[in-house]
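**Q**
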Amino acid sequence: MSLAPAPLSTWARNISPSPTLAVDAKAKALAAAGEDVCGFAAGEPDFDTPAHIKEACVAALMAGKTKYAPTPGIEPLRQAIAEKYLADYGLKVAPSQVIVSPGGKFSCYLAILATCSPGDEV
Numbered sequence: 469m470s471l472a473p474a475p476l477s478t479w480a481r482n483i484s485p486s487p488t489l490a491v492d493a494k495a496k497a498l499a500a501a502g503e504d505v506c507g508f509a510a511g512e513p514d515f516d517t518p519a520h521i522k523e524a525c526v527a528a529l530m531a532g533k534t535k536y537a538p539t540p541g542i543e544p545l546r547q548a549i550a551e552k553y554l555a556d557y558g559l560k561v562a563p564s565q566v567i568v569s570p571g572g573k574f575s576c577y578l579a580i581l582a583t584c585s586p587g588d589e590v
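For the sequence shown, the numbering used here assigns the number 469 to the initial residue and increments by one for each residue that follows.
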């Protein structure tokens with residue numbers, strides 16, 4: 469039985485390396501060499517997760533909250549974000565207009581998918 473890798477699609481073969489990860493690797497290499505670097509490439513914080521957030525995560529896990537969240541995010545979080553926008557910016561946003569995503573790049577990707585069609589000039 470052969471364990472040869474399955475052939476990749478043309479699309480998969482044409483994926484280029486992430487420029488973000490390349491810049492992040494360079495920043496980490498410079499920092500390891502003693503340079504004073506403030507890396508903004510990968511969006512990773514330069515501090516540990518605060519204890520109260522870790523504790524809330526553990527409590528949620530112990531309460532059985534281990535399933536996928538709804539696609540747009542959980543309702544209490546979407547409500548809290550809408551309230552924050554009203555308090556901080558005076559913008560009335562309905563929770564149904566709030567989508568929680570796993571990061572900035574994915575948010576941009578979703579926005580482009582929702583608003584742009586093939587052939588559109590962007």
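Here a beta-carbon is modelled for each residue, glycine too, at the ideal position from N, C-alpha and C.
All values reported here derive from a predicted model rather than from experimental measurement.
Tell me which residue opens and which closes the alpha helix (DSSP H) that Pro435 is part of.
**A** The question about residue 435 has no answer, for the chain in this structure spans 469 to 590.
**Q** Restricting to Cα atoms, I'd like to know which of Ile521, Lys552, Arg546 is closest to Ser569.
**A** Numbered from 1 along the sequence shown, position 101 holds the residue referred to as residue 569. Minimum Cα distance to Ser569 is reached at Arg546.
**Q** Roughly how many angstroms separate the alpha carbons of Trp479 and Lys573, rounded to a whole number?
**A** Counting from one through the sequence shown, the residue named residue 479 turns up at place 11. Counting from one through the sequence shown, the residue named residue 573 turns up at place 105. For Trp479 and Lys573, the distance between alpha carbons rounds to 20 Å.
**Q** Three or more C-beta pairs under 8 Å: does that hold for the stretch 549 to 565 against the stretch 523 to 539?
**A** No contact exists between the stretch 549 to 565 and the stretch 523 to 539.
**Q** What does a CB cutoff of less than 8 Å around Ile580 pick up in its chain, not counting 5 residues either side in sequence?
**A** By one-based count along the sequence shown, residue 580 stands at place 112. Once the five neighbours on either side are set aside, the close Cβ partners of Ile580 are Val590.
**Q** Val566 to Thr539, Cα distance in whole Å?
**A** To locate residue 566, count along the sequence shown from 1; it is residue 98. To locate residue 539, count along the sequence shown from 1; it is residue 71. Distance between the alpha carbons of Val566 and Thr539 is about 11 Å.
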